[in-house]
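**Q**
Residue numbers (this note's numbering), protein chains in the order written: chain A, 1 to 258; chain B, 1 to 258.
Here you go:
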């Protein structure tokens, strides 16, 4: 399994993902799931992947071949709009899945993958798309400023609580993505370190920060420690006491009888 | 769907669950999932249920019939040990599922349910069991002091971070259960208010506190508000800044180059 998340706020885009790949608990490896395509000043894309690893690697290989190939052909280098980029990647995805399914028609392997493509093309707004195995896609909206793929449930509450497209800073969004990943890693063994992150400020048309964070990377270790300590502090000090608890500082709130 | 959680700490047991029952998004109702059996001073049980509602109601009806029936028969009133209680409820569960499956053999309804049974019998330790649809069960352990049934992923990280059997107070465990439920309700529509809670202090052999909390119950509203505000404060003030952010208060931590 995998967990990747991408967030769109007014200041730009944040992408983050783990690197654990599992084919059963006795076959655990590490593969990057965050990939970048960049023409600084012109266009920048980040692709996050979840699902069948051979499928996502095939998509990436085709995308790179097109990127480096015939300048007249369709590629992330040539598409005019972000939506066209998502459609193009969706077509590569459907084609890869179909090719492998035909080869593996007598096996019960699941060849599907799900992708997040985001970025910005000069003259357009930054955009984020979740690309389904069927090749279609959905974008973020002000009401839903983030997209997730893979093992998404553990890390969803903190995103729902914290991310507001017009209020959250790019760095707070990045910290929230890391906490969301950390929560997922704590509760699910199929999501594991190191973590990859890319931060694209609005209109920079480049990746401003590309991080690989392991458990002992000083920043990530400090974030984990601070988050754990602060949550304990909130529980100990800042949540209202029940009416039967002694509490010199707060007015206890009455509970309805049952 | 449903979400119920039970926590065992040194000071006693906490049980909490939502009340939403869904048979598709166009058939949403409210049914309690927290049920209590109590002989104060002698024995006390709490049963939490997830899964097919007819199955769990059948189990409860049989358990109540036995409780009020022949004093010589097997019931929660007569079992000698907590483990026997879990085995007995597991047998009722398997029998109900089998009866309904035979009646519904041409339908594709899922008659399974999963239960949590906890409590204390005079002379024994408090105990918590998760009872599977197959009728077998697992208990908590110092390493795994909580059990969940239903839509469990959203609310798991906060439990993993906060609950330590020998350190967490009964009231902090109760607040943690409420936050875990609140996170789940925020992220999943099939889990909904009001919430039910029961708190059993160790050796009280009675339910000390039985609460029903709706979104506008003052205590729950205050808890939600405090939790949301405190998390925002932690994000704003207490997490380490990235090295490229201006931060007068903290020493920024270096990030490895990529």
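For every residue, glycine included, the Cβ atom is placed at its ideal position computed from N, Cα and C.
(1) Rounded to a whole number of angstroms, what is the C-alpha to C-alpha distance between residue 20 of chain A and residue 171 of chain B?
(2) Return the first residue and the last residue of the beta strand (DSSP E) that residue 196 of chain B is part of.
(3) Quick one: measure Cβ to Cβ for residue 51 of chain A and residue 114 of chain A, integer angstroms, because I've assumed they're closer than 8 Å.
(4) Does the beta carbon of residue 156 of chain B sit closer than 8 Å to a beta carbon anywhere in chain A?
(5) Are the C-beta atoms of residue 153 of chain B and some chain A residue less than 8 Å apart?
(6) Would you mind sorting residue 214 of chain B into buried or exposed? The rule is 16 or more other CB atoms within 10 Å of its CB.
(7) Compare the C-alpha of residue 55 of chain B against each of B/96, B/142 and B/221 and name the closest.
(8) Run through the DSSP bridge pairs and tell me what residue 120 of chain B is partnered with.
(9) Which whole-angstrom value describes the C-beta separation of residue 82 of chain B and residue 41 of chain B, a residue pair presumed to lie in contact below a C-beta threshold of 8 Å?
(10) Mind listing the chain B neighbours of residue 244 of chain A? Cutoff is C-beta to C-beta under 9 Å, in chain order.
(11) Can you check whether the CB of residue 13 of chain A is closer than 8 Å to the CB of residue 35 of chain A?
(12) Beta-carbon of residue 219 of chain B versus every beta-carbon of chain A: anything under 8 Å?
(13) Starting from residue 28 of chain B, follow its DSSP beta bridges and name the residues at the other end.
(14) Which ranges does the beta strand (DSSP E) cover as unbroken runs of at least 3 residues, wholly within the segment 63-142 of chain A, from first to last along the chain?
(15) Could you check if residue 262 of chain A is buried or exposed, using at least 16 other CB atoms within 10 Å of its CB as the buried criterion?
(16) Touching or not, the segment 160-177 of chain A and the segment 194-214 of chain A, by the rule of three or more beta carbon pairs under 8 Å?
(17) Could you tell me which residues DSSP pairs with residue 16 of chain A in its beta bridges?
(18) What are the partner residues of residue 171 of chain B, as DSSP defines its beta bridges?
(19) Using a Cβ-Cβ cutoff of 9 Å, what residues of the segment 14-43 of chain A are near chain B? List them in chain order.
(20) Could you tell me which of B/101, B/86, B/175 and B/124 sits nearest to residue 116 of chain B, measuring between CA atoms?
(21) From which residue to which residue does the alpha helix (DSSP H) around residue 161 of chain A run?
**A** Answer, in terms of the structure:
(1) Your numbering for residue 20 of chain A matches position 20 in the first chain. Your numbering for residue 171 of chain B matches position 171 in the second chain. Distance between the alpha carbons of residue 20 of chain A and residue 171 of chain B: 37 Å.
(2) Residue mapping note: residue 196 of chain B aligns to position 196 of the second chain, counting from 1. Start and end: 195-201.
(3) Numbered from its first residue, the first chain carries residue 51 of chain A at position 51. Numbered from its first residue, the first chain carries residue 114 of chain A at position 114. That pair is a contact at about 5 Å.
(4) Working through the second chain from its first residue, we reach residue 156 of chain B at position 156. Yes, contact with chain A.
(5) Your numbering for residue 153 of chain B matches position 153 in the second chain. Yes, residue 153 of chain B counts as interfacial toward chain A.
(6) The residue given as residue 214 of chain B occupies position 214 in the second chain. Classification of residue 214 of chain B: exposed, given that the 10 Å Cβ count is below 16.
(7) Taking the second chain and counting its residues from 1, one reaches residue 55 of chain B at position 55. For the residues B/96, B/142 and B/221, the minimum Cα distance to residue 55 of chain B belongs to B/96.
(8) Numbered from 1 along the second chain, position 120 holds the residue referred to as residue 120 of chain B. DSSP, once it has assigned bridges, lists B/44 as partnering residue 120 of chain B.
(9) Position 82 of the second chain, counted from the first residue, corresponds to residue 82 of chain B. Position 41 of the second chain, counted from the first residue, corresponds to residue 41 of chain B. Not quite, the Cβ-Cβ distance comes to about 16 Å (not below 8 Å), so this is no contact.
(10) Here residue 244 of chain A refers to the residue found at position 244 of the first chain. Correct list: 171, 208 and 209.
(11) Locating residue 35 of chain A in the first chain gives position 35, counting from the first residue. Locating residue 13 of chain A in the first chain gives position 13, counting from the first residue. No, the Cβ-Cβ distance between residue 35 of chain A and residue 13 of chain A is not below 8 Å.
(12) Against the second chain, residue 219 of chain B aligns to sequence position 219. Chain A, which has a Cβ nearer than 8 Å to the Cβ of residue 219 of chain B, makes this yes.
(13) Reading the second chain from its first residue, position 28 is the one you call residue 28 of chain B. Looking at the DSSP assignment, residue 28 of chain B forms a beta bridge with B/22.
(14) 113-121, 127-131 and 137-139
(15) What the structure shows of chain A is the stretch from 1 to 258, and residue 262 of chain A is not part of that stretch, so it cannot be assessed.
(16) yes
(17) Position 16 of the first chain, counted from the first residue, corresponds to residue 16 of chain A. Paired residues: A/5 and A/197.
(18) The count along the second chain starts at 1 and reaches residue 171 of chain B at position 171. Residue 171 of chain B pairs with nothing; no bridge assigned.
(19) none
(20) As a working note, residue 116 of chain B is residue 116 in the second chain. Ranking the options by Cα distance to residue 116 of chain B, first place goes to B/86.
(21) As a first step, residue 161 of chain A must be located in the first chain, where it is residue number 161. 156-162 is the span of the alpha helix (DSSP H), which, as asked, contains residue 161 of chain A.
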